[in-house]
Amino acid sequence: MRLGVVVNPTAGQGRGAARGQRLLDAARGRGHEVVDLSADDAATAVLHARQAVVDGLDALVVVGGDGMVHLGANVVAGTDLPLGVVPAGSGNDIAGVHGLPVHDADGGLAAVERGLESGGRLVDAVAVGPPDYSAREWYLGVLSCGIDAAVNAHANGLAWPRGRAKYVRALLAVLGGFRPYGYRLTLDDTTWESTGSLVAVANAPSFGGGMRIAPAARMDDGLLDVLVAGPLSRAELLAVFPRVYSGTHVDHPACTVLRTRRVLVEHSPVGPVPPVAFADGERLGPLPMLAEVHPGAVRLLA
């Protein structure tokens, strides 16, 4: 098999490079033709990967966290090229949904090979972007448009601590100037307009390294789970935040889950402008954002 491989060397607090090299060596040792498509930055890696697709690949394999899955999805979505994932990041939520071995290059390669033999699994992907532009970006996990996005942005700038503690520290910092944002959501058959603390458009159940933001979400049902949380005080947010890891926050009276195939998320003047949106932990840009699910758009080697 001809495998194109993209490695994030900084994934998993710098462990990605070693795991990526282990994968490259193991794949070559098992007789695969391997094309290393890694680069110094994500944009160049995408260019390498797209050129390799033109040249011919049997699969694209990414080594890293959810950011690398995001990169891979933006190369293969809507094509017949399957995507293999070897989880090596600090947040491996997409891999976790599909039971892929984490921080295990040999196990990851075995999963890729099994997926190639079986044909893999078709999963939904979401096209997202400003409604007035034809260009779209793809994501597989969660689009964040509220305090979760603000926390993500702040956490990205923190070198310490690691893991979940980083998000707790970021939340405490963001809460200092927090006021509920103004939203208008236009879904398939309803509109929601209110001040709110959080809007998450989920294709997968979790993000951020185990936060079960939409615990009932499925990646193969052709629907988005849109979690909206109404205006919460700072004290209420601190009380609700720990429940995100178990998914029980959805039982809070301020939280509602709406299911739809597409959703337009806009700022409403009923409250302050929401933060810049993120998807799969990657920065997208300011609202408005139109998200639309495409059933079975990615063949995942899982």
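Note that the sequence shown covers residues 1 to 302 in the UniProt record's numbering.
In this text, a Cβ means the ideal position worked out from N, Cα and C, and glycines have one as well.
- Which residues bound the beta strand (DSSP E) around A200? Going by DSSP, A200 is part of the beta strand (DSSP E) stretching over L198 to A202.
Problem set entry | Element boundaries [alpha helix (DSSP H), containing T260] | Looking at the DSSP string, T260 is not in any alpha helix (DSSP H); the run it does join, the beta strand (DSSP E), is C255 to T260.
Q. Grouping DSSP H, G and I as helix and E and B as strand, with all else coil, what is S118?
A. Per DSSP, reduced to three states, the secondary structure at S118 is helical.
Considering only their Cβ atoms, is the gap separating G157 from P180 smaller than 7 Å? Judged by their CB atoms, P180 and G157 are not nearer to each other than the 7 Å cut-off.
Enumerate in chain order the residues of its own chain whose CB-to-CB distance from G64 is below 6 Å, with the five nearest sequence positions on each side excluded. Excluding sequence neighbours, G64 sits near N8, A11, G16, A88 and G89.
What first and last residue would you give for the beta strand (DSSP E) that runs through V61?
-> For V61, the enclosing beta strand (DSSP E) has its first and last residue at A59 to G64.
message: With H, G and I counted as helix, E and B as strand and the rest as coil, what does DSSP make of R169?
response: In this structure, R169 counts as helix in the three-state DSSP scheme.
* Asked: Helix, strand or coil: which one does DSSP assign to A291?
  -> Strand.
Subject >> G285: first and last residue of the uninterrupted alpha helix (DSSP H) it sits in >> reply: It is not in any alpha helix (DSSP H) - G285 instead sits in the beta strand (DSSP E) that spans E282 to G285.
(message) If you measure between the beta carbons of D203 and D124, is that distance less than 7 Å?
(response) Just to set this straight, residue 203 is Asn in the shown sequence, not Asp. Yes, the pair counts as a contact, with Cβ atoms nearer than the cut-off.
Quiz prompt | For R184, the first and last residue of its enclosing beta strand (DSSP E) | solution = Secondary structure note for R184: its beta strand (DSSP E) is the uninterrupted segment Y181 to T186.
**Asked** Are the beta-carbon atoms belonging to L172 and A73 less than 7 Å from one another?
**Response** Taking C-beta atoms as the reference points, L172 and A73 fail to come closer than 7 Å.
* Spatial neighbours of A111 within its chain, please: CB distance less than 6 Å, with the 5 preceding and 5 following residues excluded, ordered by chain position. => A distance below 6 Å between beta-carbons, with the five flanking residues on each side excluded, links A111 to the following residues of its chain, in chain order: L100.
For the segment 240-251 against the segment 208-216, are there 3 or more C-beta pairs whose distance is under 8 Å? Contact between the segment 240-251 and the segment 208-216 is present, because at least three Cβ pairs lie under 8 Å.
Grab the span of the alpha helix (DSSP H) containing G16 for me, first residue to last. Secondary structure note for G16: its alpha helix (DSSP H) is the uninterrupted segment G16 to G29.
> Can you tell me the Cα-Cα spacing of G29 and R19, whole angstroms?
Replying inline: For G29 and R19, the distance between alpha carbons rounds to 15 Å.
Practice prompt. Tell me, to the nearest whole angstrom, how far the beta carbon of M1 is from that of L116; I am working on the premise that it is less than 8 Å.
Written response: Contact between M1 and L116 is confirmed by a C-beta separation of about 6 Å, below the 8 Å threshold.
Q: Can you give me the start and stop residues for the beta strand (DSSP E) that A229 sits inside?
A: Judged by DSSP secondary structure, A229 falls within the beta strand (DSSP E) whose first and last residues are L224 to A229.
Cβ-based neighbour list, residue 303, same chain, cut-off 8 Å, excluding 5 preceding and 5 following = Shown here, the chain extends from 1 to 302; a query on residue 303 therefore has no answer.
Could you give the first and the last residue of the continuous beta strand (DSSP E) run that contains R2?
Unbroken beta strand (DSSP E) run through R2: R2 to V7.
Next item on the list: Measure the C-alpha to C-alpha separation of V69 and V75 and round it to an integer number of angstroms.
Entry: V69 and V75 have their C-alpha atoms some 10 Å from each other.
- Query: Excluding the five sequence neighbours on either side, which residues of its own chain have a C-beta within less than 8 Å of the C-beta of A45, listed in chain order?
  - Reply: So the list reads V6, L37, S38, A39 and L71, once near-sequence residues are dropped.
Check your understanding: Could you give the C-beta distance for D58 and L23, rounded to a whole number, given that I count them as a contact under 8 Å?
Key -> D58 to L23, Cβ: 15 Å. No contact.
Q) Could you give the C-beta distance for V270 and S194, rounded to a whole number, given that I count them as a contact under 8 Å? A) That belief holds up - the Cβ atoms of V270 and S194 are roughly 7 Å apart, short of 8 Å.
Checklist line | Ordered list of alpha helix (DSSP H) runs contained in the segment 122-161, each at least 4 residues | finding: Counting only runs of 4 or more residues that sit fully inside the segment 122-161, the alpha helix (DSSP H) segments are 147-156, in chain order.
Between which residues of its own chain and R234 is the CB-CB distance below 7 Å, once the five residues before and five after are set aside?
For R234, same chain residues with a beta-carbon under 7 Å away, outside a window of 5 residues either side, are L175 and F178 in chain order.
Subject >> Alpha carbon of T260 to alpha carbon of D189, nearest angstrom >> reply: Going from the Cα of T260 to the Cα of D189 covers about 8 Å.
Just to confirm, is the Cβ distance from A291 to V199 under 7 Å? Not a contact, by the Cβ cut-off of 7 Å.
V250 (DSSP reduced to helix, strand or coil): V250: helix per DSSP, three-state reduction.
*Name, in chain order, the residues that DSSP records as bridge partners for D36.*
For D36, which the question treats as bridged, DSSP gives the partners V5.
Handout entry: Spatially closest choice to E33 from A165, A52 and L287, by CA coordinates
Key = The option with the nearest alpha carbon to E33 is A52.
* Asked: When DSSP labels each residue in this structure, what does A297 get in the three-state scheme?
  -> DSSP places A297 in strand when its eight states are reduced to three.
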